[in-house]
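Chains as they are written, first to last, in our numbering: chain A, 12 to 167; chain B, 52 to 453; chain C, 27 to 349.
We treat Cβ as the ideally placed atom computed from N, Cα and C, and that holds for glycine.
Source: prediction; values computed, not measured.
#1: Under 7 angstroms Cβ-Cβ, which residues of chain B neighbour residue 51/A?
#2: In terms of residues, what are the limits of the beta strand (DSSP E) holding residue 69/B?
#3: If you measure from the beta carbon of residue 170/B to each beta carbon in chain C, is any gap under 8 angstroms?
#4: Pairing CB atoms from the region 167–174 of chain B with CB atoms from the region 314–322 of chain C, are three or more of them under 8 angstroms?
#5: Kindly list, in the order they appear in chain C, the residues whose Cβ is closer than 9 angstroms to that of residue 240/B.
#6: Given a cut-off of 8 angstroms, decide if residue 198/B and residue 142/B are closer than it, judged by their beta-carbon atoms.
#7: Can you tell me where the alpha helix (DSSP H) with residue 120/A in it begins and where it stops?
#8: Considering only the alpha carbon of each residue, which of 280/B, 379/B, 343/B and 384/B lies closest to residue 70/A?
#9: Hey, residue 80/A and residue 93/A are a contact pair by Cβ (cut 8 angstroms); roughly how many whole angstroms apart?
#10: What residues from the region 98–109 of chain A come within 9 angstroms of chain B, judged by C-beta to C-beta, listed N to C?
#11: Report yes or no: do the region 206–220 of chain C and the region 161–172 of chain C share at least 3 C-beta pairs separated by less than 8 angstroms?
#12: Please tell me whether residue 395/C has its Cβ less than 8 angstroms away from any Cβ of chain B.
#13: Under a Cβ-count criterion, where at least 16 other Cβ atoms within 10 Å of its own Cβ denotes burial, should residue 238/C be classed as buried or exposed?
#14: Is it right to say residue 280/B is buried, meaning 16 or more other beta carbons lie within 10 angstroms of its own, or is it exposed?
#15: If you measure between the beta carbons of residue 169/C and residue 116/C, is that distance less than 8 angstroms?
#16: Kindly give me the distance between the Cβ atoms of residue 296/B and residue 270/B, rounded to whole angstroms, as I take these residues to be in contact under 8 angstroms.
#17: Put residue 94/B into one of helix, strand or coil per three-state DSSP.
#18: If we ignore side chains and look at the alpha-carbon of each, how far apart do residue 411/B and residue 156/A end up?
#19: Between which two residues does the alpha helix (DSSP H) containing residue 30/A stretch?
#20: Any beta carbon of chain C sitting closer than 8 angstroms to that of residue 70/B?
#21: Listing by chain order, which chain B residues have their CB less than 9 angstroms from the CB of residue 32/A?
#22: Quick check: the Cα distance between residue 113/A and residue 177/B, rounded to an integer number of angstroms?
#23: Can you give me the Cβ contacts of residue 133/A inside the same chain, cut-off strictly under 8 angstroms, excluding the 5 residues immediately before and after it?
#24: In the structure shown, what three-state DSSP assignment does residue 318/B receive?
#25: Based on DSSP bridge pairs, tell me the residues matched to residue 353/B.
#26: List the endpoints of the continuous beta strand (DSSP E) containing residue 265/B.
#27: Measure from the C-beta of residue 75/A to each C-beta in chain B and report whether the shortest distance is under 8 angstroms.
#28: Quick one: which unbroken alpha helix (DSSP H) runs of 4-plus residues sit fully inside the region 62–146 of chain A? Chain order, please.
#29: Interface residues of chain C around residue 246/B at Cβ under 8 angstroms?
#30: Residues in the same chain with beta-carbon distance under 7 angstroms from residue 234/B, minus the five sequence neighbours each way, listed in chain order, please.
#31: By Cβ distance, which residues of its chain are closer than 6 angstroms to residue 210/B, with the 5 residues on each side in sequence left out?
#32: Using a Cβ cut-off of 7 angstroms, pull out every chain B residue sitting near residue 124/A, in sequence order please.
#33: Just the C-alpha distance for residue 126/B and residue 357/B, rounded to the nearest angstrom, thanks.
#34: Could you tell me which chain A residues have their CB closer than 7 angstroms to the CB of residue 280/B, listed as they occur along the chain?
#35: Could you list which residues in chain B have their beta carbon closer than 8 angstroms to that of residue 136/C, in chain order?
#36: Would you verify that the beta carbon of residue 68/C is, or is not, closer than 8 angstroms to some beta carbon of chain B?
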């Protein structure tokens, strides 16, 4: 299936859920949906277009909004579904009902960006240590890392 | 028979890198397994936002030692697409050559590790002896045994001359013969096969649901390979086959890797015989216009995917790396259930864990003193041991299993 | 004079000094051969071609700090290695190398000493289990359980296999059995099945690959020996070596015709025959992977025990023909 065929089929299956579809490079398709339609879109893509393999979920801190990209791959093209959620109310529904393998990526998003994934089956932090301070989200743009002054024991 | 919980890791001789598996046992059978990640965090994604694109090339290489070329190639490919430049054919071919050599050395390493986990030390010594042949070739080409630093943004850094070509082709004969011998042992030695067969079964539909990658997935009869689906570098012109097995267990994964070794030898021979003449790199611009790219690569362990977004400066806005081992973790948990204790090292080794690939997020803050510091691995290990002693004192009282 | 000879027997040859030196030599032989099978070099620098390496390891372990876990039983921890070593050294006394008379029974050679040696060699297994049980560590407990499970697998075939030449020779005394076969070497051939069963069971008793399940390094850290360190661990490792020598000596005495010829020739035969058995053990170790505990028990009851019984039947039939 060529890129154009996939785009046409996606437009058919998703109807008016798809806000915008772009094709910036061969075998790379980017699709924007609203966050309330996310699970529905993923479900339809899985059944209609055979996109059942999720490669990863990327988070992006764009200032006032968080953008979340779901990268789906199959043997024809990489289809990336993007949604946005506002910084003040960073909630996203989970897609583990449709794709069970998304669980680890969603947990990582929760840790790193502070997004709240609704109905996630396993909300434990994945990659940060247990004594990490709460409400500190490392991958947000406003978290700066500063190296502490090195203390030399017994020196000046 | 009472149940009891046991930690495997973070420090355990079966694990080459720290990862914590919490298992619930009943006798010798595993009833439930849980994984605790994060011991190998090094803060790479945040760090990458503060370094330029060229500096990030060296940063991504150091994500892993065994599959270092996979990360640099994936990153370099992505950035080249962002910049809109296309490396010359010869550069792409040399990139593919090093990629296949890396796959050979990684699979031989895995065979040895599988042998060692099964107690078959002779097999381990033999495969690693042959791995030395590959390491010597890589040293001839690039000057290093690991972290080859062959990639540049726009091509490769070093060229191959005829003497090197001849040396590589000679070693290929030796490697093909020896791999045939290992294929024989791997499938015929009764004690070894008894440890591998029927262990760590991952049914086909579960593998698809949990999005497993690499040989783990191909051993469950799913013929997916990024080199065929989404050809990058020189793979569009290389003839090769995707190797699968249908036994869905550790023996299947061994067979898939051995078959891939044979395919690698054929590919390397094809590349060397058909190496086009020309330049090996083009010049890359310093600043990159605003765009985003998704780059995929078939590392020895599975699909490696990088998402890079640039914002018009010379530093990336976001670099997201998803290494193959992370995708295989949920599948590992399923494989561990209803297995035996004695099978834990083999099941875990069968996904070819490269834990340092799988974890690369931010540096640690010490909660009690409020200091932020770069935590060395030894300190992190010590902290996790102490932490788990505090959090789970119940583990000190072990219930006698009968 | 007799007292001097006895003292020499107990302390020098084949007593403690000889056992210590020879078992370290046997360990060197085993390690060097294992390395050569794997295309490696093995011990090289200590002494000429590494021959002092096992002694160096022993001395290093004796010098290390001795840590006993807080919850473990200190008395048992200290006593167990010493007991085990004493037991195995006692078993070595009964091998017919020297200082025995064919006709009379003495303290080191009497009818029934075959059973005594087999019994003494099975006691270290119980001691390993106790060692694992008394370390307050989950991995040691599992190791101890596996040690006992393995005992159910290999002990019976070993006993049956070792008994067959005794039945053919018509005596329960190792010295007499050896003498019988020295007189009629042809009769060693019917015992060949028993020989191989005994070698495999010996490998299981010594807990070497393919049967090193109780202290499988990649699975349960150190098994029964996880919490032992310093002098205690040194004693356990020496115990394994001496057990190897004694086991090899037993198999050689019973299946290969013993050690005839008095002091000098007996010594040479002992070295040669035990080294042949150790060679077979090492070859087995280099060629196999580790099998699981359930596979091991199935293997011994499905193959080893029936073979041992078959051997017994063959021997009984031949004995019927001979008499």
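By the coordinates alone:
#1: Here the premise fails: no neighbours, minimum Cβ distance about 19 angstroms.
#2: That residue, residue 69/B, is in no beta strand (DSSP E); it is neither H nor E in DSSP.
#3: Residue 170/B counts as touching chain C.
#4: Verdict: yes, contact present.
#5: The contacting residues are 313, 314 and 315.
#6: No, Cβ-Cβ distance for residue 142/B and residue 198/B is not below 8 angstroms.
#7: 114–124
#8: 343/B
#9: 5 angstroms
#10: none
#11: Contact check between the region 206–220 of chain C and the region 161–172 of chain C: fewer than three CB pairs, one atom from each, fall below 8 angstroms, which does not count as touching.
#12: Limits of chain C in this structure are 27 at one end and 349 at the other, which puts residue 395/C out of reach.
#13: buried
#14: If you draw a 10 Å sphere on the C-beta of residue 280/B, you find 16 or more other C-beta atoms in it, and that means buried.
#15: no
#16: 5 angstroms
#17: In the structure shown, residue 94/B sits in coil (DSSP, three-state: anything other than H, G, I, E or B).
#18: Summary for residue 411/B: the model assigns pLDDT 47, below 50, so the residue's position carries little reliability; its value from the coordinates is reported in the next sentence. Approximately 15 angstroms, taken between the alpha carbons.
#19: Note, residue 30/A: premise wrong, no alpha helix (DSSP H); not H, not E.
#20: no
#21: The contacting residues do not exist; residue 32/A stays about 15 angstroms from chain B at best.
#22: Here the alpha carbon of residue 113/A sits roughly 39 angstroms from the alpha carbon of residue 177/B.
#23: Result list for residue 133/A: 114 and 118, in chain order.
#24: helix
#25: Looking at the DSSP assignment, residue 353/B forms a beta bridge with 350/B.
#26: Looking at the DSSP string, residue 265/B is not in any beta strand (DSSP E); the run it does join, the alpha helix (DSSP H), is 265–269.
#27: no
#28: 114–124
#29: 315, 316, 317 and 318
#30: These residues qualify, in order along the chain: 309.
#31: Once the five neighbours on either side are set aside, the close Cβ partners of residue 210/B are 331.
#32: Neighbours of residue 124/A on chain B: none; closest Cβ ~11 angstroms, over 7 angstroms.
#33: 7 angstroms
#34: 86
#35: Neighbours of residue 136/C on chain B: none; closest Cβ ~40 angstroms, over 8 angstroms.
#36: no
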